[in-house]
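Working notes for the structure below.
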Amino acid sequence: MEKRVYVETYGCQMNAHDTERILRLLEGSHYLETKNAQEADFILINTCSVREKPEHKVYSALGRYQWLKEKKGAILGVAGCVAQQEGGRLLDRIPYLDMVIGTHAIPMLPQLLQKIEVSGERVCETAFDPEGGYLKTILPQEPLHKVKSYVTIMQGCDHFCSFCIVPYVRGRERSRPSREIIEEVERLVEMGVKEVCLLGQNVNGYGKGLKEEISFSKLLHRVNEIEGLDRIRFTTSHPKDLSAELIQSFSKLKKLCEHIHLPFQSGSDKMLKAMHRGYTKESYLEKIDRLKKLCPSMAVTSDVIVGFPGEEEKDFEDTLDLIQKVRFDDLFSFKYSPRQGTRAAQFTEQVEEKVKQDRLSVLQGIQKEITLQKNQEWEGRVEEVLVEGRSRQSDQDVTGRTRSNRIVNFEGDLSFVGRLIPVRITKAYPHSLRGGILDSEVTCSPQCLHCQSG
Ligand code: SAM
Ligand code: SF4
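Following this note's numbering, the numbering of the sequence shown begins with 5 at its first residue and continues without gaps.
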């Protein structure tokens, strides 16, 4: 008999993709997704603790669903970073919780669910799996009805930046064999996917520890050859490991979009050292320079942290200086938040909350201007847009993204979805672009495989 699963997801792309994998896996156990918790037989809270303190979110979410367990017998579970960190303590604190499932235990989910269904036993599974079984391919069973998809190529991280919880909750870096990745992308393409984003905390480290001889650039070359796929993106790349070979890939691979997300975290060498990042402001700027020389239309986005322990006004100015020099297309900015168990949480010179907030506001004000100006540079150009679906703003419009990852809304109908359409950009906004198709007759761009296949 079919059952329903409701997953509430917090955090980053990695977590959102884990939720997708969980849903695919449960399809095989006759659990289909519902967006309505009230009709769910299984409710899973998939948590992330990279930047926020999510424990209270977990408690309040579980509190909200407690009555569904009591009235309808729904099974309640917690997955993700908090599950990994807290383990059995969650079961001790929340008597009505049935399941705690760590980041490496996802493939065990169907068996654990069955155990709870049969015996009513409460389960906790948070061991790290040194064999990498948690990376096993989980192919979609049902049509995806979507144009783009994430594909995990590696998990975990060996870098141990002093602020970051990832190595503790996701374990050590581990890559998936290239054959499995290629098979997954091929399957996604068969199901209508046109763009893949290859996911890992540090994709430049891809291939380490595998039996085969392969680097991330080589993997990109192989994905680029997959017929029917239009676009490739990846995230995230660590500046220290950004290789010359990878930079060259942008000029060699037609499907690789001209966009890189390259988190810099701080423009102060003193802070970068304390963060244990392994590069300097100057070496970061040199890499950006090389990327832009090779590919002048390259869009660069980044992450930055303000208020890291010991950050003084001069350090913050160095960060602003880097932002002005690079002129990022977009920037994700965060106030430093101590993560239990990381080295920086022990540092004595923690910065006052008000100082962090003030610095964040100044930085975001500067970046807002830059983002708008960068968007305005696109006005008048004709850009290839991969259409993803109906725009949220108007029923007359469709929405898609340029190769540089900018959102473009323009008038069109659902027959455009999944096609690469050349669009003239007419107006820039802070977070998106407005465009119009060139003729009344829609012609796809020469790369559009939809058209080439007839
Ligand atoms: N692996 C990527 C890298 O090295 O650039 C970053 C991945 S991390 C999951 C995403 C972003 O969260 C980081 O780039 C950083 O800006 C932010 N972040 C991580 N830990 C943080 C903390 N303790 N406080 C504030 N921001 C944090
Ligand atoms: Fe965290 Fe650093 Fe690893 Fe990125 S490279 S996931 S910031 S430890």
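In this text, a Cβ means the ideal position worked out from N, Cα and C, and glycines have one as well.
Contact check for Ser306 and Leu266: beta-carbon distance about 6 Å, within the 8 Å limit, so the pair qualifies. Counting C-beta pairs with one atom in each stretch, the stretch 418-430 and the stretch 387-406 have three or more that are closer than 8 Å, which means they touch.
Out of Glu317, Phe46, Asp333 and Glu381, the CA that lies nearest to the CA of Leu27 is found in Phe46. The DSSP-derived three-state label of Val122 is helix. In the DSSP assignment, Ser182 falls outside any beta strand (DSSP E) and lies within the alpha helix (DSSP H) extending over Ser182 to Glu194. One alpha carbon belongs to Ser395, the other to Gly213, and they sit about 43 Å apart. The three-state reading of DSSP puts His163 in coil, since its state is none of H, G, I, E or B. Distances from the CA of Ser365 to each of Phe336, Gly384 and Glu387 were compared; the closest alpha carbon is that of Phe336. For Asp102, the distance from the CB to the nearest heavy atom of ligand 1 is not below 8 Å. Taking a cut-off of 8 Å for Cβ pairs, the stretch 317-325 and the stretch 333-347 do not touch, as fewer than three such pairs fall below it. His225 has its CB no nearer than 8 Å to any heavy atom of ligand 2. In the same chain as Gly440, and ignoring 5 residues on each side of it, the C-beta atoms closer than 8 Å to its own belong to Phe414, Glu415, Val427, Arg428 and Thr430, in chain order. Leaving aside the five residues that flank Lys296 on each side, the residues in its chain whose CB is nearer than 7 Å to its CB run, in chain order, Met302.
Those residues having their beta-carbon less than 6 Å away from any non-hydrogen atom of ligand 2 are, in chain order, Cys161, His163, Phe164, Cys165, Cys168, Val170, Pro171, Gln205, Asn206 and His242. As DSSP reads the structure, Val86 sits in no beta bridge. In the DSSP assignment, Asn50 falls within the unbroken beta strand (DSSP E) covering Phe46 to Thr51. By the beta-carbon neighbour count (other beta carbons within 10 angstroms, threshold 16), Leu101 is buried. For Asn379, the enclosing alpha helix (DSSP H) covers residues Glu357 to Gln380. For the options Gln371, Arg176, Met158 and Ile251, the alpha carbon positioned closest to that of Lys140 is the one of Met158. According to DSSP, residue pairing for Tyr35 in a beta bridge involves Lys7.
Less than 9 Å separates the beta-carbon of Glu177 from that of Cys161.
For Glu290, the uninterrupted alpha helix (DSSP H) run begins and ends at Lys285 to Leu298, by DSSP. Between Ile120 and Ile79, the alpha-carbon positions lie close to 8 Å from each other.
Note that the C-beta distance between Ser255 and Asn208 is not below 9 Å. The beta carbon of Leu224 lies closer than 7 Å to those of Ile236, Ser253, Leu257 and Leu260 in the same chain, with the five residues before and after it left out. A straight line joining the alpha-carbon of Glu316 with that of Glu290 spans about 25 Å. By the criterion of a C-beta distance shorter than 8 Å, Pro111 is surrounded in its chain by Leu29, Gly137, Tyr138, Lys140 and Ile142, once the five residues flanking it on both sides are discounted.
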